[in-house]
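Counting in my numbering, the sequence shown runs from 11 upward without gaps.
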Amino acid sequence: MENKTVLHGQHKKNGAILVNFAGWEMPLHYGSQIQEHHVVRQDSGLFDVSHMLAVDIAGENAIHYLSFLLANNPQRLIPGKALYTCMLNNVGGILDDLIVYQLSKQLYRVVLNAGNRLSDLDWMKKQAQHFSSISIIERTDLAIIAIQGPHAISKANNALDAHQQSLIKELKPFHCVQQNNWCIARTGYTGEDGLEVILPVHEAEGFWQRLIECGSKPCGLGARDTLRLEAGLNLHGADMDFTTTPLESNLAWTIAWDPINRDFIGRLALIKQKENLTRKLVGLVLEEKGRILRKHQKIITSQGEGEITSGSYSPTLGSSIAFARIPYAHNENYCEVIMGTKQYQTRIIKPPFIRKGKKTFI
11 MENKTVLHGQ HKKNGAILVN FAGWEMPLHY GSQIQEHHVV RQDSGLFDVS
61 HMLAVDIAGE NAIHYLSFLL ANNPQRLIPG KALYTCMLNN VGGILDDLIV
111 YQLSKQLYRV VLNAGNRLSD LDWMKKQAQH FSSISIIERT DLAIIAIQGP
161 HAISKANNAL DAHQQSLIKE LKPFHCVQQN NWCIARTGYT GEDGLEVILP
211 VHEAEGFWQR LIECGSKPCG LGARDTLRLE AGLNLHGADM DFTTTPLESN
261 LAWTIAWDPI NRDFIGRLAL IKQKENLTRK LVGLVLEEKG RILRKHQKII
311 TSQGEGEITS GSYSPTLGSS IAFARIPYAH NENYCEVIMG TKQYQTRIIK
361 PPFIRKGKKT FI
């Protein structure tokens, strides 16, 4: 039996095409995936991401536990700040990527991807055995709504109460504010400005309806995927997983090597791998019209074969784009992709493809 978020009835009411995603019945689109994509790039779109799980880490040793658990350094956080990081296994493989928020000095919140919630929790609880005075609390009482786009914050502002409006007035990127069990963060997964609101389940439907009345449009997972791909944002289970490390997933910047005495899970494996990298993740642009780059298509380079990890049509660019994992030694600007019996030249770029709605390459 598929899980349903608290907004499932709203999705049906608004005519969503529903699909199974990681065991959850979620909206793929509400009629046009491409129109929803453009709404987010140009105006304001809504996403139900309540299939993800908020987990609170509380206690006097919470920061020490998270410093060991995560590759980025949560010691850099202050109350109200957020940090993007990977959670690794002992060989440096990516178990999940997540955002951690410091809500107070002894309270942190992490948001787990839907497909990894159970395995992540098992891992987190296993590692917690090494620490005293911490609690791991699954916040199944909370829903998560993302409002994304250049007009997202101004439109969301009209759906908030006066106090919430005052709280977000000066909210900076990768920061959050709290009020009455609401956590409003200036974060997202689209490459656009916007908010992710973690709020009580019983208040989610009312807030969703107010957001629509204030001019934001419901969007599905289809647009969310093309938006994140254009923005150069990895998808766990496709562009990275427990068999790939941040160093070979274009995420080296998420590893906090300093201070050198911070022992985090996977550190030794990453240090060893740094000396002998064999793979890297790159962006591809196919200028051939009428062809779409797809996951698992084979890549041919001068240094050997690679594979596309995510690929799609880019509505903003009007061409096909992809991520591909290729040999690290390949330093040319082009490679070949195999489609059926033919090979097509593709351009290699460093993601993202789109930044703030604009093309990033010439």
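We put the beta carbon where it would ideally sit given N, CA and C, even for glycine.
Keep in mind it's a predicted model, so treat the numbers as computed, not measured.
For the pair Glu206 and Lys352, the Cα-to-Cα distance works out to about 43 Å.
Beta-bridge pairing by DSSP links Asp106 to Met97. Taking 8 Å as the cut-off, the Cβ atoms of Leu98 and Asn82 do not count as close.
Between Leu122 and Leu113, the gap from beta carbon to beta carbon reaches 8 Å or more. Closest in alpha carbon position to Ser226, among Gly198, Val292, Lys284, Gln52, is Gln52. One thing to note: Leu17 has its Cβ no nearer than 8 Å to the Cβ of Gly230. Secondary structure in the segment 166–219: the alpha helix (DSSP H) runs of 4 residues or longer, each lying completely within the stretch, are 172–178 in chain order. Between Thr311 and Pro269, the beta carbon gap of about 38 Å keeps them out of contact (Cβ cut-off 8 Å). For the pair Val101 and Ala138, the Cα-to-Cα distance works out to about 19 Å. Distance from Asn24 to Pro228 at the Cβ level is roughly 5 Å; contact confirmed, criterion being Cβ atoms closer than 8 Å.
If you draw a straight line from the Cα of Phe371 to the Cα of Asp251, it is about 28 Å long. In the DSSP assignment, Arg238 falls within the alpha helix (DSSP H) that extends over 231–240. In the displayed model, Asn30 falls within a strand according to three-state DSSP. With a minimum length of 4 residues, the unbroken runs of alpha helix (DSSP H) contained wholly in the segment 38–87 fall at 43–52, 72–79. The three-state secondary structure of Ser114, taken from DSSP, is strand. Assigned with DSSP and collapsed to three states, Asn126 falls in helix. Contact check for Phe57 against Gln158 passes: the beta carbons are separated by less than 8 Å.
Each residue's CA atom was taken as its position, placing Lys282 and Lys368 some 38 Å apart. Taking one beta carbon from each stretch, the segment 71–90 and the segment 212–224 have fewer than 3 pairs nearer than 8 Å; the two do not touch. Under the three-state reduction of DSSP output, Ser259 falls in the coil class, being neither helix nor strand. Contact check for Val50 against Thr254 fails: the beta carbons are separated by 8 Å or more. In the three-state scheme derived from DSSP, where H, G and I count as helix and E and B as strand, Arg365 is classed as strand.
Per DSSP, the unbroken beta strand (DSSP E) holding Lys290 starts and ends at 289–296.
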